[in-house]
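Protein chains in written order, with my numbering: chain A, 6 to 333; chain B, 51 to 246.
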């Protein structure tokens, strides 16, 4: 776990293409812990070799950030489970192959909302599944609405026990939150922002300190420069074989706040040159940074609004800390 | 100090909000953005009728002679409705620039057309490498018998593709001064090349 964390931090620092986390970092740990031997034999080698692309379907229309409220119906039908309903915000990428979807579904209404949810692995090519792309405000396509109409899922694709899916989902989310800190990438971006802010223009004006760089960004830079404070504590319990717990919630809150502060800092540093939305729009007027990087500044600012919401919103993370760390 | 809007400012803002709620909802706006021009001439005419386009234009040129605070009350609503039409470029930058610094002839020629919704302006200020430095101007304006000849290029010119006229700041360097003196030049569409 610590090795993987170090590897991912260095990848982020080097701007290496990230490993898509849905299989390696999210589905695989779940199957290690909860999967049957047959599930492990079938799926883990394919995840390891990158043969399956995974996505996840938690949120449903009208649930907001409440991951424990699926209304999707599923019922056992002989050797298969049938599933119908609509899901929102699946991290399913259409340019990859969509193969399996670990899904949570509610079998029967129960008094506690987390009960009655089951965790399923679903082949995205199963008849009855319709994927409708949702375009994001940065112009990108990462998430989709996925509709299930009498979808038949083999019973051997149930992970852990029927109705105990929330236990599995919580374990997965702990691993997902490990990915959301992105400390290495934030360190690199801090360097880029400082480069953009401190470089002199042709009349030898620098951004910070001078009129050319607005003052509030100095506070933003201070906020962004302390990711290391939150680093060492959290992979340790995981290294001892425990599931990532409340300490990951701290990393998630702090890491995503830093990411958002950095995108704001870059917007301020690049100023009017952040207006063109793509490199082909001619974003080459800001000479302190590579044009390709300047062209992504506004899109990243828009895209990163999501980080304080996904993987369990930061408000939910604060509740977890209040309950499990502070005993409130 | 009283920062509240006055009655007139509130009424104007309310009329823009009513227009936005009725005719500029999310779906209507999305259709406009997806259209060939990315903005709507019909909406532009409505904004002229509502008085938005003539707001900073002096009354003698068909406007309302509004000041900065009048414009702020309007721009808040324009922002709230995510209006994509070139209001800031034409009214906030272009028209106010001419109203404050143009000659009487320039004002008479340009401002009534802005107020009537017939003229769209863009303000070409920022140059490559200028960053926040407003005085960073490398473009050269050379006086000839017919007017000015401009050499140089401008970046991130808001709404340049739909503008009929560009205001450009060119520099005449004076031997005695280290700061280039900025001056405005007006040129009409055929004289310049805009690449998106």
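No residue lacks a Cβ here, since even glycine has one placed at the ideal position from N, Cα and C.
Please read these numbers as outputs of a predicted model, since none were measured by experiment.
Going by DSSP, what residues sit across from residue i in a beta bridge?
i	result
residue 139 of chain A	A/148
residue 198 of chain B	B/193
residue 134 of chain A	A/153
residue 169 of chain A	A/122
residue 164 of chain A	A/124
In this structure, how does DSSP classify residue i when only helix, strand and coil are distinguished?
i	result
residue 173 of chain B	strand
residue 202 of chain A	helix
residue 124 of chain A	strand
residue 59 of chain A	strand
residue 192 of chain A	helix
residue 50 of chain A	helix
residue 159 of chain A	strand
residue 107 of chain B	coil
residue 204 of chain B	coil
residue 134 of chain B	coil
residue 102 of chain B	coil
residue 69 of chain B	helix
residue 252 of chain A	helix
residue 79 of chain B	helix
residue 56 of chain B	coil
residue 21 of chain A	coil
residue 209 of chain B	coil
residue 294 of chain A	coil
residue 326 of chain A	helix
residue 94 of chain B	helix
residue 127 of chain B	helix
residue 34 of chain A	helix
residue 280 of chain A	coil
residue 186 of chain B	coil
residue 258 of chain A	helix
residue 267 of chain A	helix
residue 33 of chain B	Residue 33 of chain B lies beyond the stretch modelled for chain B, which goes from 51 to 246, so this question has no answer here.
residue 316 of chain A	coil
residue 181 of chain B	coil
residue 114 of chain B	coil
For residue i, is the classification buried or exposed, using 16 other Cβ atoms within 10 angstroms of its Cβ as the cut-off for buried?
i	result
residue 10 of chain A	buried
residue 119 of chain B	exposed
residue 56 of chain A	exposed
residue 196 of chain A	exposed
residue 322 of chain A	buried
residue 72 of chain B	exposed
residue 319 of chain A	buried
residue 136 of chain B	buried
residue 332 of chain A	exposed
residue 139 of chain A	exposed
residue 132 of chain B	exposed
residue 195 of chain B	exposed
residue 17 of chain A	buried
residue 3 of chain A	Residue 3 of chain A lies beyond the range of chain A shown here (6 to 333); nothing can be said about it.
residue 51 of chain B	exposed
residue 104 of chain B	buried
residue 65 of chain A	buried
Interface residues of chain A around residue i at Cβ under 9 Å?
i	result
residue 176 of chain B	276, 277, 278 and 290
Find the residues of chain A that neighbour residue i, judging by a C-beta separation of less than 7 Å, and give them in chain order.
i	result
residue 133 of chain B	What residue 133 of chain B touches in chain A: nothing, since even the nearest Cβ is about 16 Å away.
State the CB to CB distance for the pair residue i and residue j, rounded to an integer number of angstroms; the pair is presumed to be in contact (CB under 8 Å).
i	j	result
residue 124 of chain B	residue 170 of chain B	With 8 Å as the limit, residue 124 of chain B and residue 170 of chain B do not qualify as a contact, their Cβ atoms being about 17 Å apart.
residue 182 of chain A	residue 257 of chain A	4 Å
residue 102 of chain B	residue 141 of chain B	7 Å
residue 145 of chain B	residue 106 of chain B	5 Å
residue 160 of chain B	residue 152 of chain B	7 Å
residue 272 of chain A	residue 302 of chain A	6 Å
residue 139 of chain B	residue 213 of chain B	7 Å
residue 276 of chain A	residue 198 of chain B	With 8 Å as the limit, residue 276 of chain A and residue 198 of chain B do not qualify as a contact, their Cβ atoms being about 28 Å apart.
residue 133 of chain A	residue 150 of chain A	Not quite, the Cβ-Cβ distance comes to about 15 Å (not below 8 Å), so this is no contact.
residue 35 of chain A	residue 164 of chain A	7 Å
residue 165 of chain B	residue 113 of chain B	5 Å
residue 152 of chain A	residue 135 of chain A	4 Å
residue 260 of chain A	residue 14 of chain A	Not quite, the Cβ-Cβ distance comes to about 11 Å (not below 8 Å), so this is no contact.
Note down, in chain order, every chain B residue with its Cβ under 8 Å from the Cβ of residue i.
i	result
residue 281 of chain A	206
Taking 7 Å as the cut-off, is the C-beta of residue i nearer than that to any heavy atom in the ligand FMN?
i	result
residue 101 of chain B	Among the ligands in the structure shown, none appear at all, so the ligand FMN cannot be discussed.
For chain D, is any of its Cβ atoms less than 8 Å away from the one on residue i?
i	result
residue 22 of chain A	Among the protein chains in the structure shown, which are A and B, there is no chain D.
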